[in-house]
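Please read the structure below before turning to the comments.
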Amino acid sequence: MLRAVNRRATWLVCLAALACTPRPEPSSPLPAEVVAPAPEPEPEDDRGVIGGPTDPTDFEFEVDTPDGVLPVLDGTPPISETMAAALRPYLDASRMRLAAVMPETDQILVLGRHGSTTQVMLVSKPGAEPRPLTSGLEPVVQATPLPGRPDELLFRRDIDGNEDHQLYHQNYLSGVETLLTDGVSRHGPFRVVATPSPMVVLTGNARSEPDMDLYVSHKLGSDELGAALSLAGELDGQWIAQAIRPDGAEVLLRRFWSVERSAIMRYALNEGSLVALPDTANPDAAYLDARYLADGSLLVLSDRGQDHVGLHVLDTQGTWSQVTPSVGWDVESFAPLSGGRIAYAINEDGRSRLFLLDVATGTARELDLPRGGVLTGLRAAGPDKLAFAAGSAVQPTDVYGLDVRRGDLTRWTQSPTGADPTGFVHPRLARVQSGDGVPLAVFIYSPPGPGPHPVLVWIHGGPEDQFRPEFSPIIQFFVSRGIAVLGPNIRGSDGYGRRFRGLDDGVLRGDAIEDVGAVLDWIAGEPTLDAARVGMVGGSYGGYVVLASLAAYADRLVAGCDMVGIANLVSFLENTRGYRRDLRRAEYGDERDPDVREVLQRLSPITNVEQIRAPLFVAHGANDPRVPVDEAEQIVAALREQGQEVWYMLAPTEGHGFRKAINRDTFYGLMATFFERHLLGVGVGEDAQAEAVDGS
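Going letter by letter, the sequence shown gives residues -19 to -1, 1 to 677 in mature numbering (1 follows the signal peptide of the UniProt record, and there is no 0).
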């Protein structure tokens, strides 16, 4: 009982210190300029959120008030008032993402902070104050208005991070909200089209957990709203609805087996027939997105026949042609415009570049983006206009409009940076050679001064994800404290081609850990970096890499933070949710094969736990459907059994990440305290005393 009381007291000290720190004044609004709306909303793909190829671990910072259930803390010291005051401005940063454009009203919908989580907001014109349309403790992941009914909204959200997303309808004039799905099973992204009445399609697994069936409704504008969705087709495996033909007779579905292998198929709603696109029946490629063009042809995003993703046209005769040039980088998004033009963005070394293609001539010209920006949510916003969200390492993501004919860039939203942005730093990009000659891209955020600076190596999740120079308030905080932050893209990362992404698959997992060794070697050769003070942090797969590296390089790492990470590759594969298991086996290997199982067990941090000597901070969500919380419990128990220092935070109302203020603030406060103690030697005596009291 005493331990439980002390844990609660510790948390209350942490939260009180963070919450009582004064907040900065809001920024002034921007001048107004109207951007033309899109003719049809296109929801942004959230393949990672629904259990697709990626495991995003970009812990949300668009949260505010401390509502909800307290996180459980074990072996953690309180956050000092000094630390809370220093961290508070950074936690006040937020971002805005584009949800939809609204043709009828010349307005946009955005996803941004309201209360304690991400909610839907209406922005009436550039620079206007966003007006919240939804509220609550659970974040919204997708939203769009009903075509022809601008006061009606569809959106998806889950409960406590379980990723069993449900579809809701809301009339935001009356505030009436209606659940359209069963409230229990998992549902993927929805698509909407303006047939004679609004039509929506999405997939869901009510019939069988591993299988996503197709659901459709034509009743969204009727009094039968509560019975809107009906089963349109039973499907085996994992499927996502990508697009609806304008006449509502056909749906494009994406079937995925792994990040390397997926297909786009046509589903005729009247006949119930499913037909693969020509030359894709047994795909040895990834087909990522598809849209209908006015003449009946398709625009398809795929890496078919090459190492990188390009944009292809499939004409009505079944002939494929690539329309974007092969430049050695992936096309990551696209938006058709009038006059045979297509806007598309490429991911060049983690940064986005935006182009306008004239399909008839094959010529493309580059369009302006904010410096060093990362673009998301690209879509048409009129005959000559685009809408998208963009941010950089020093600027939170905001929503923009771009007139491609005049070249005018209009900023619709202005997200607060929290702390003074004059102290923020852009990262530089370095190339590190791995032991076997594979080049690794590493982003380096350097504090001012000659150093040598302590180093925090930040490992992304996935593994098929990528460290990109997006705004991270906690990275900028560490840099402000004199800690250099390195973001390496070790083998298996996305963005560098199909071959590079597959270099860590299955029994090759150990090669990725050797890449960490190459990064540590590079640090030792840099005079501005202190190789004797190196820590690591990572989430999901990144958490696995942290744990494995703490064992492999015990004499070179002084501290580690594992966020929702994997401790045992075998138990992870056996216990991850059923709908994800085959997808993850394609990446990590099949634990049912005795030979593969032996390798996976050997490469698991839990097997090598006796080699870990550095202090560890573990944080996990109790409802994580991807990496079950047992992975955290295993490593915490094993390290404590051998007398190691372990801090542990368990968030009862979270899943694969921390999306609520009560958990986000506590996690970042403890993380900052942990690395300041072990990389800078700050507060060691004070925290050690507090820890002894808490553990009594």
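All C-beta atoms, glycine included, are put in the ideal place defined by N, C-alpha and C.
Taking Cβ to Cβ, would you say residue i is nearer than 8 Å to residue j?
| i | j | result |
| --- | --- | --- |
| G129 | P111 | no |
| S552 | V608 | no |
| A371 | V385 | no |
| M64 | G650 | yes |
| L489 | L531 | no |
| P191 | Y569 | no |
| E119 | P126 | no |
| G473 | V423 | no |
| A374 | G353 | yes |
| T197 | S178 | Before going further, note that residue 197 is Val rather than Thr in the sequence given. Contact flag unset, no. |
| G418 | A499 | no |
| V312 | I323 | no |
| V518 | V527 | yes |
| L550 | L581 | yes |
| G218 | R235 | no |
| T162 | G185 | yes |
| I225 | V174 | yes |
| V121 | T99 | yes |
| H146 | S116 | no |
| A66 | A124 | no |
| G516 | F656 | yes |
| D643 | L274 | According to the sequence displayed, residue 643 carries Ile and not Asp. For I643 and L274, no; Cβs fall outside 8 Å. |
| N604 | G636 | yes |
| D475 | E495 | no |
| G382 | T391 | yes |
| P264 | S239 | no |
Would you mind sorting residue i into buried or exposed? The rule is 16 or more other CB atoms within 10 Å of its CB.
| i | result |
| --- | --- |
| S319 | exposed |
| L160 | exposed |
| P170 | buried |
| R346 | exposed |
| P107 | buried |
| L510 | buried |
| D675 | Residue confidence for D675 is low, a pLDDT of 29 falling below 50, so the modelled location carries little weight and cannot support an answer. |
| H659 | buried |
| P7 | Note that P7 scores 34 on pLDDT, short of 50, meaning its location in the model is unreliable; the coordinates nonetheless yield the value given after this. By the neighbour-count rule (16 or more Cβ atoms within 10 Å), P7 is not buried but exposed. |
| Q376 | buried |
| A209 | buried |
| Q592 | exposed |
| R(-13) | Low local confidence applies: a pLDDT of 43 at R(-13) is under 50, so the model's placement there is unreliable, with the coordinate-based value given in what follows. Buried, because 16 or more other Cβ atoms sit within 10 Å of the Cβ of R(-13). |
| S61 | buried |
| Q414 | exposed |
| G662 | exposed |
| D543 | buried |
Could you pull the DSSP bridge partners for residue i from this structure?
| i | result |
| --- | --- |
| V515 | V436 |
| residue 746 | This structure leaves residue 746 out entirely; the chain is present only between -19 and 677. |
| T176 | None, per the DSSP bridge assignment. |
| N470 | A422 |
| R94 | T99 |
| Y381 | F369 and R392 |
| Q376 | S373 |
| T184 | L195 |
| P317 | I323 |
| M83 | Q88 |
| Q303 | H293 |
| A600 | M544 and M630 |
| D401 | Per DSSP, none; premise fails for D401. |
| Q414 | P420 |
Kindly give me the distance between the Cβ atoms of residue i and residue j, rounded to whole angstroms, as I take these residues to be in contact under 8 Å.
| i | j | result |
| --- | --- | --- |
| G292 | V304 | Correcting the residue identity first, residue 292 is Leu in this sequence and not Gly. Going by Cβ atoms, the distance from L292 to V304 rounds to 6 Å, so yes, they are a contact pair. |
| A271 | L279 | 5 Å |
| L337 | L348 | 6 Å |
| T357 | R78 | 7 Å |
| T398 | A74 | 6 Å |
| V460 | Y426 | 5 Å |
| Y629 | D276 | That belief does not hold up - the Cβ atoms of Y629 and D276 are roughly 58 Å apart, past 8 Å. |
Flag residue i as yes if its beta-carbon sits less than 8 Å from any beta-carbon of chain C, otherwise no.
| i | result |
| --- | --- |
| G487 | The displayed structure is made up of one protein chain only, and chain C is not part of it. |
Closer than 7 Å to a non-hydrogen atom of the ligand MN - does that hold for the CB of residue i?
| i | result |
| --- | --- |
| R112 | Among the ligands in the structure shown, none appear at all, so the ligand MN cannot be discussed. |
Discussion item. Extract the residue ranges of the alpha helix (DSSP H) inside the region 625 to 656, only unbroken runs of 4 or more that lie entirely within it.
Written reply: 642 to 656
Item to complete: Note down, one range per segment and in chain order, each alpha helix (DSSP H) of at least 4 residues found wholly within the region 557 to 594.
Response: 559 to 569 and 575 to 583
Worksheet item: Can you list the beta strand (DSSP E) stretches of 3 or more residues lying completely in the region 110 to 161, in chain order?
Response: 121 to 127, 130 to 138, 147 to 152 and 157 to 160
Worksheet item: Where are the alpha helix (DSSP H) runs, 4 residues long or more, that stay fully inside the region 319 to 345, in chain order?
Response: Segments of the alpha helix (DSSP H) lying fully in the region 319 to 345: there are none.
Worksheet item: Quick one: complete alpha helix (DSSP H) runs, 4+ long, within the region 443 to 510?
Response: The region 443 to 510 contains these whole alpha helix (DSSP H) runs: 454 to 461, 479 to 482 and 490 to 505.
Practice prompt. Tell me the start and end of each unbroken beta strand (DSSP E) in the region 209 to 289 that is at least 3 residues and wholly inside, in chain order.
Written response: 211 to 214, 220 to 225, 231 to 239, 242 to 249, 254 to 257, 268 to 273 and 279 to 283
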